[in-house]
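Heads up: the protein sequence lines correspond to chains A and B, in order.
One point on numbering: in the working numbering, the residue at position 353 of the first sequence is 429, and numbering is uninterrupted.
One point on numbering: in the working numbering, the residue at position 234 of the second sequence is 310, and numbering is uninterrupted.
Glycine included, C-beta positions come from ideal geometry on N, C-alpha and C.
What you are looking at is a predicted structure, and each value in this text was computed from that prediction instead of being measured.
A short worksheet on the structure shown next.
Protein chains: 2
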Amino acid sequence: MAKQNQETQTQEPGSLGSKSQPLSNFKYSNRVQLKSIFLNRTDGGAEFIGQTVVVGGWVKSSKEVEKSSPPPPPSTPAPENETPAKDISCVEIFQSRIPLIRNIMEVLGGSSYVSRKKLRDSPIPKPLPPKSSTAYLLLTDGSCVATLQVVVESSIATPSRLLATGTCILVEGRIERPSAEGKHAIQLTADKVLHIGTVDVGKYPLSKKRIPLDMLRDYSHFRPRTTTVATVMRVRSALSFATHSFFKDHAFFDVQVPTITTTDSKGFSNMFQVTTSGNQKADKEKLSTIYETEGVSLETVKEAAKEKSKLVETLKRSESNKEALAAAIQDLRKTIELESQLEAREKKIFGTLLKHDRVDSSEDFFSTQTYLTVSGRLHLESFASALGNVYSFGPRFQADKTDSAKHAAEMWMVEAEMAFAELKDSITCANDLFKYLCKWVLENHSDDVKFVGKRIDNTCIDRLREIISGSPQIISYNEALDVLRKAEDKKSEAKFESGARLTSDHLSYLADIVYKKPVIIHSYPKEAKPFYVRVNDDKTVAAFDLVVPKVGTIISGSQNEERLTVISSRITELGLPREKYEWYLDLCRNGTVKHAGFTLNFDLMILYITGLSNVRDVIPFPRSHGKANN
Amino acid sequence: MAKQNQETQTQEPGSLGSKSQPLSNFKYSNRVQLKSIFLNRTDGGAEFIGQTVVVGGWVKSSKEVEKSSPPPPPSTPAPENETPAKDISCVEIFQSRIPLIRNIMEVLGGSSYVSRKKLRDSPIPKPLPPKSSTAYLLLTDGSCVATLQVVVESSIATPSRLLATGTCILVEGRIERPSAEGKHAIQLTADKVLHIGTVDVGKYPLSKKRIPLDMLRDYSHFRPRTTTVATVMRVRSALSFATHSFFKDHAFFDVQVPTITTTDSKGFSNMFQVTTSGNQKADKEKLSTIYETEGVSLETVKEAAKEKSKLVETLKRSESNKEALAAAIQDLRKTIELESQLEAREKKIFGTLLKHDRVDSSEDFFSTQTYLTVSGRLHLESFASALGNVYSFGPRFQADKTDSAKHAAEMWMVEAEMAFAELKDSITCANDLFKYLCKWVLENHSDDVKFVGKRIDNTCIDRLREIISGSPQIISYNEALDVLRKAEDKKSEAKFESGARLTSDHLSYLADIVYKKPVIIHSYPKEAKPFYVRVNDDKTVAAFDLVVPKVGTIISGSQNEERLTVISSRITELGLPREKYEWYLDLCRNGTVKHAGFTLNFDLMILYITGLSNVRDVIPFPRSHGKANN
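As C-alpha cells, then:
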C-alpha cells in the first residue's frame with residue numbers, strides 16, 4: 077500500500093509545524109480540494125496564507141455587504157450558530173414546494189422562515205444592490221466537513237448570481253487572513269470567478285437552515301449537499317473501504333455472488349421477481365385465498381395476540397382482579413400457541429407453492445423463475461469449499477412491506493464464509509470485523525466522527541471507544557430467556573416460551589437495558605433459524621446474532637450443516653422444494669467440510685456508528701413503498 | 077494500512093534466508109493455509125521442515141503405493157506433466173453425467189479416460205488394496221496455486237476413502253523432506269486425519285485431468301475447485317480490492333447506487349423489470365406487433381445487411397465481375413441506410429412506449445415501474461454535485477438476448493464521476509485506473525499471474541508490462557474512420573459512413589491489427605452516444621472509449637451535459653420520457669457544474685488481464701439464457 081499513497085501525501089501535507097507546501101490540485105480537475113486545506117490540521121489552513129489557488133464548490137450560506145458600510149460582522153454566520161443543535165436535523169432548511177410542509181416549516185422555523193417566504197413571494201423584495209458590494213460565501217466541496225469563506229467583490233461577479241444556497245462556483249483567488257477577526261483562520265479573496273451554476277431559488281429545496289432528515293428523503297438527488305448527509309455518506313464510504321480492507325488483511329477472497337438467482341437462501345423471505353415478460357401471480361395471493369376460505373389468518377392471530385398482551389399489561393397495572401389476570405394470561409398463551417402453529421404451516425404452504433405452483437416463465441429471459449437475491453451465503457459456501465475463506469459485499473433484497481425504520485427493500489450486506497471453521501470461529505471473526513469498522517472510522521475519519529458527535533449523536537465517540545476496548549456480552553438463547561424471565565418488569569413474561577423468536581422488544585431489553593452494550597446470543601432453537609444451520613447434539617442450532625443497543629441485530633451468523641443426511645431430513649421436515657437446492661446438496665455430497673460464516677447488515681452498521689435511527693437516512697438513494705423517483 | 081498488516085506478516089514470513097518461523101494458524105480456523113507455506117518463496121517451503129501443522133484442503137490427484145513395493149516414482153504426477161498445456165483448458169477432467177460429453181471425453185482423453193470409465197462401470201474393478209499401503213495426495217486449499225503433497229499410511233486412514241479427486245481432508249502431520257526426490261521440496265507426513273469429506277465418484281464432475289472451461293459452466297458450484305478457475309477468481313478478488321484502493325488513493329468516495337431504479341441511464345437498453353405481482357407486457361412485444369404489420373423488422377434488415385456484406389466479399393475475392401461488385405456495394409449501402417433509419421425509429425418508438433404505455437403497476441410493491449439498473453452514472457452525478465469525486469462498484473443488468481462471449485445479463489461495473497472535470501480529466505483518470513489494475517496484479521499476485529501465463533495465455537505477463545510502461549493510442553472518431561478507410565484491406569469500406577457506430581470488427585481492426593495496443597477513441601458523432609453526453613461546438617460529443625486488443629471496449633467515458641437548455645432539447649429530439657428525468661434535470665437547474673466520468677466493465681477487464689475469451693469463465697456464477705441453476 078505504501079507506494080500507492082504518494083499522491084495523497086502530496087495533497088495533505090498533514091503534520092503541523094511543517095513548512096508550508098504549495099497546495100497541489102486534485103489530479104483530475106484544476107482545483108484544490110478543501111480537504112487539502114483543512115483536513116487533519118488545527119491551524120484552520122493558516123499555513124497556506126499567501127498561496128493562489130482555484131477552488132470549486134457549492135454555496136452553503138452567504139451575505140452581501142455594501143462597500144460603503146462598516147466591515148462585516150465578526151464572521152459570516154455559520155449555520156451552527158443560528159439554530160441550537162437538536163436531535164435529528166440538518167444544516168439546510170427545506171423550502172418545500174408542498175404547501176403542507178411549508179406550513180409546518182412556518183411553525184418550526186418561526187419568523188426567519190416567514191421572512192424568507194415573504195421575500196420569495198413578493199416580486200421585487202428589495203431595491204437592486206448598490207453598485208459596489210462584497211459577497212461573503214461559505215463554500216463546501218464535499219471533500220470534508222469544513223467550509224471555506226470566499227470573498228467576492230461585486231466588480232468581479234454580480235453578487236445576486238452567487239448568493240443563493242446551492243450555487244456552484246469555481247473561483248481563483250488568494251488565501252488570506254480574514255479582513256475581520258472571526259471563527260475563520262483564512263479566507264479566499266477571489267480574483268476570477270471561472271464558473272457559476274445558478275439556482276432556481278423558487279424550487280430548490282435547500283437553504284442555509286436545518287431540516288429534519290425525513291423531509292429530505294424525497295430529494296435524494298439533493299440531500300448529499302447538506303452537511304449531515306454528506307458526512308454520513310463519507311463515513312459510509314470509509315466503512316465500505318474498511319470492510320474490504322479487513323478481509324484482505326485476513327486473507328479472504330472477494331466473490332461477487334449473483335444478484336439474479338433461483339435460490340432462496342434465507343428461507344421464506346418475500347422476494348422480488350425478475351422478469352422481461354410474463355404473467356405472474358404471487359404466492360402470497362394463493363396463501364390469502366386459503367386464509368379467506370378458513371376465515372383465520374396468521375395476520376389476524378398476530379393482531380389478537382398483541383391485543384391480548386395489552387390487556388394482560390393493563391390488568392397487571394391495575395392489580396385489582398387477580399383472577400381476570402390469570403384468565404387473560406391463559407388466553408394469551410393459547411393465542412401465541414396458535415400463532416406459532418400457523419407460522420409453521422405458512423412456511424410449509426409457501427414451500428409447497430414454490431415447489432408445485434410456479435407460473436409459466438417459458439416466455440421469459442430465463443427459463444426458470446428468477447428472483448433478486450436475499451442472501452449470498454449459500455452461494456459463498458461453494459466458493460469456501462474451494463478457496464477456503466471468502467466474502468461478498470453487495471445489495472440484497474427483501475420485498476417485505478413494512479414501515480420499519482430498520483428495513484429497506486434493497487440493503488447492502490457483508491457476507492463471509494470459511495471452510496474448516498465452526499460457530500466459535502464465525503463469532504470471533506464477526507466480532508473482529510465489528511470492532512475493526514469502529515476503529516477504522518474513529519482513527520481515520522476523526523473530522524467526520526466529530527461532526528457526527530456534535531450534530532447527530534453526542535455519545536458517538538464514547539460508543540466507538542467502548543467497542544474498541546471492550547467485548548460484547550456472550551450468552552446462549554436459553555440464558556437470554558432466563559434473563560428476560562427474571563427481569564423485574566414482568567409484563568411480557570408469557571411470551572418467552574422456548575422455541576419462539578425473540579422480538580425486537582426482547583432484543584432491545586437485553587442490549588439497551590440489561591447489558592447496555594452489544595450482546596451475542598447463540599444456540600437458538602432450530603425453529604428460529606433457516607434449514608441450513610447446523611443442528612447441535614442438544615437439538616439447538618449453531619447460530620448466533622450480534623445485537624447492539626438501539627439498532628438491534630447487526631450481524632447474524634451460523635455454522636452451516638455439512639452432514640448430508642441431516643440437511644436432507646431438514647429439507648423434508650420443512651417441506652422445502654428439494655430440487656431448488658440440489659446444487660447446494662452437491663456440496664455435502666462431495667468433499668464436504670465444516671464451515672461457518674455470517675452476514676453483517678451494512679446499513680444498520682452505519683446506523684449504529686452514526687446514531688441515526690432510520691436506514692433511509694444512510695442509504696444513498698432510499699426507496700420506500702410508492703416512492704421510486706430515481 | 078501498515079498497522080493492519082501484522083497478522084498477514086506473521087502468516088507469511090516472506091523473505092528468503094530468514095530464520096524459520098513457526099507457521100501460525102489462520103486466525104479463524106485451526107489450520108495453516110498453504111499460502112503461508114508456499115507463497116512468495118523459492119525454496120518450496122523447505123524452511124519449515126520439522127514443523128508439525130494441521131492443513132485442510134481438497135485432493136487434486138492421488139496415488140496409492142503398496143507397502144512392499146519400491147518407493148514411489150520421483151514425484152506424484154502433477155497434472156501439468158500429463159497433458160501438454162493447450163489454449164483454454166483446466167486441471168480437472170469432466171466425468172460428465174451426460175453421455176454425449178462422456179463420448180467427447182473418450183475422444184479427447186484417450187485411453188486414460190477410458191480406463192477410468194471402465195474402473196467406474198465395473199462393480200469391483202480390483203481386489204481390495206493390501207493391508208499395508210501408502211496414499212500420496214496432492215492437496216489444494218485454494219489459498220494459492222501451489223499444492224502440498226500429503227503422505228498417509230493405511231494404518232492412519234483407509235486409502236480408498238482419501239483417493240478420489242475432490243475429497244476433503246483435514247490432517248495433522250509433520251513437514252518433512254520427501255521420501256523420494258522429485259519436484260516437491262517438502263511433503264506432509266500425516267499423523268492424524270481429523271476429517272474426511274468423501275466424494276460421490278459416479279456423479280462428481282471433476283477428476284485430475286483437464287477439461288475445457290465451457291464444459292464446466294454448468295457446474296458453477298464446483299468449478300472454483302479447478303486450479304484455473306480458482307486462479308482466475310483470486311485474480312478477480314485482487315482486482316476488486318485494487319479498484320477500491322485506487323479510488324481511495326485518489327480521494328473518491330464510494331457511493332452505492334440503487335440496483336432497483338426507474339431511470340434508464342444508458343438510453344434504450346433492454347431492462348429487467350422488478351415486480352412482486354402484476355401483469356406486464358414487454359415493450360418489445362408492442363414493437364414486434366408494429367413490425368408484423370409492416371412486414372419488415374430491424375432484425376431482418378440487419379440479417380440482410382450481413383448477407384449482402386458477405387456477397388461483396390465473395391465478389392471481391394473472385395475479382396471476375398466488377399460490375400456485379402459495384403452493384404452489390406450499392407445494394408449494401410442502401411440496406412445499411414435502411415438499417416440505421418429503422419434503428420432510429422426503434423429508439424423513438426421505444427421512448428414513446430416508455431412514456432405513454434406503461435402497464436399498470438398499482439398492485440406492485442412500488443407504485444411505479446422499476447427495473448434493474450443498467451448504469452449508475454446518472455445517480456452518481458447527483459453525488460458528484462455534492463461530494464466532488466465519487467465512484468460505484470456493483471452489478472449492472474442488461475436483458476439482451478445475445479450469445480456474445482463478451483456479454484452477460486449481470487455484469488459488475490466500476491463507475492466514476494467527477495465534478496469540475498472535463499473529458500480530458502475523465503480520460504486521464506480512466507487510463508490511470510486501467511494501468512493501476514494491471515500493475516497491482518502483476519506486482520502483488522505474481523504467483524497467480526505466472527500460472528495464468530503458463531496455463532491460459534503465455535502473453536499475459538508481457539501484456540501487463542507493456543500497459544504499465546506504455547500509453548494507449550489516442551485518436552478521434554474521425555481519425556479512426558480515416559485509418560479504417562485507408563486500411564489496405566478494403567473489404568468493409570462501405571460501412572464506414574460517418575454517424576454510424578463502429579462495430580466490434582472495426583474496433584478489433586484498430587486495436588489488434590493497426591495499433592496492436594489499447595486505443596482511446598474520442599469525439600464521437602452524437603448519434604453514437606446517449607442523450608446526456610455533452611455536445612461539442614463541432615456537433616461531436618465529448619465521449620471516449622478505451623478499446624483493447626481481443627476484448628474490445630473495456631471503458632466508456634464522457635463529459636456529460638451541464639447546460640439545461642442543451643440537454644433539454646436533446647431529450648425532446650430523441651423523444652425521451654422527460655418526466656422520468658426530471659430529477660436528473662434538477663441537477664442542471666441548481667448549482668450545475670462541468671462533470672465527467674466513465675464506466676469500466678470489470679468482467680471484461682478480467683478477460684483482458686487473464687487472456688480468457690468468455691465472460692462466463694470469469695463471472696463467479698455465470699448465467700446464460702435458459703440456465704439459472706443457482
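Under 8 Å by beta carbon: chain A residues contacting residue i
| i | result |
| --- | --- |
| residue 719 of chain B | Within the shown structure, residues of chain B are numbered from 77 to 706, placing residue 719 of chain B beyond reach of any answer. |
| residue 310 of chain B | 329 and 463 |
One or two residues paired with residue i in a DSSP bridge
| i | result |
| --- | --- |
| residue 551 of chain B | B:597 |
| residue 487 of chain B | B:472 |
| residue 132 of chain A | A:246 |
| residue 620 of chain B | B:598 and B:633 |
| residue 672 of chain B | B:494 and B:635 |
| residue 229 of chain B | B:210 |
| residue 266 of chain A | A:249 |
Chain B residues whose Cβ lies nearer than 9 Å to that of residue i
| i | result |
| --- | --- |
| residue 494 of chain A | 102, 104 and 105 |
Within chain B, the residues that residue i reaches when beta carbons sit closer than 7 Å
| i | result |
| --- | --- |
| residue 333 of chain A | 696 and 697 |
| residue 317 of chain A | 320, 324 and 330 |
With 16 other Cβ atoms within 10 Å as the buried cut-off, status of residue i
| i | result |
| --- | --- |
| residue 631 of chain B | buried |
| residue 346 of chain A | buried |
| residue 511 of chain A | buried |
| residue 403 of chain B | exposed |
| residue 406 of chain B | exposed |
| residue 294 of chain B | buried |
| residue 313 of chain B | buried |
| residue 136 of chain B | buried |
| residue 410 of chain B | exposed |
| residue 662 of chain B | buried |
When the options are compared against residue i, the one with the closest alpha-carbon
| i | options | result |
| --- | --- | --- |
| residue 139 of chain B | B:208, B:214 and B:123 | B:214 |
| residue 263 of chain B | B:625, B:635 and B:126 | B:126 |
| residue 577 of chain B | B:589, B:599 and B:588 | B:599 |
| residue 672 of chain B | B:254, B:460 and B:477 | B:460 |
| residue 541 of chain B | B:554, B:516, B:530 and B:334 | B:516 |
| residue 656 of chain B | B:454, B:679, B:589 and B:579 | B:454 |
| residue 279 of chain B | A:297, A:659 and A:239 | A:659 |
| residue 664 of chain B | A:587, A:272 and A:288 | A:272 |
Whether residue i touches residue j by CB criterion (9 Å)
| i | j | result |
| --- | --- | --- |
| residue 629 of chain B | residue 622 of chain B | yes |
| residue 695 of chain B | residue 489 of chain B | no |
| residue 550 of chain A | residue 609 of chain A | no |
| residue 134 of chain B | residue 234 of chain B | no |
| residue 493 of chain B | residue 451 of chain B | no |
| residue 336 of chain A | residue 317 of chain B | no |
| residue 70 of chain A | residue 247 of chain A | Any answer about residue 70 of chain A is impossible in this case: the structure gives chain A only from 77 up to 706. |
| residue 604 of chain A | residue 617 of chain A | yes |
Contacts of residue i in chain A (Cβ-Cβ under 9 Å)
| i | result |
| --- | --- |
| residue 653 of chain B | Within 9 Å Cβ-Cβ: nothing; residue 653 of chain B doesn't reach chain A, min ~14 Å. |
Listed by chain order, chain A residues near residue i by CB distance under 7 Å
| i | result |
| --- | --- |
| residue 297 of chain B | 458, 659, 662 and 663 |
| residue 275 of chain B | 666 and 667 |
| residue 536 of chain B | Near residue 536 of chain B there are no residues of chain A at all, since even the closest Cβ is about 20 Å away, more than 7 Å. |
| residue 759 of chain B | Outside the shown range of chain B (77 to 706) lies residue 759 of chain B, about which nothing can therefore be said. |
Contacts that residue i makes with chain B (C-beta to C-beta distance below 8 Å)
| i | result |
| --- | --- |
| residue 301 of chain A | 461, 462 and 667 |
| residue 584 of chain A | Under the 8 Å cutoff, chain B gives no residues; its nearest Cβ is about 28 Å from residue 584 of chain A. |
| residue 470 of chain A | 470 and 471 |
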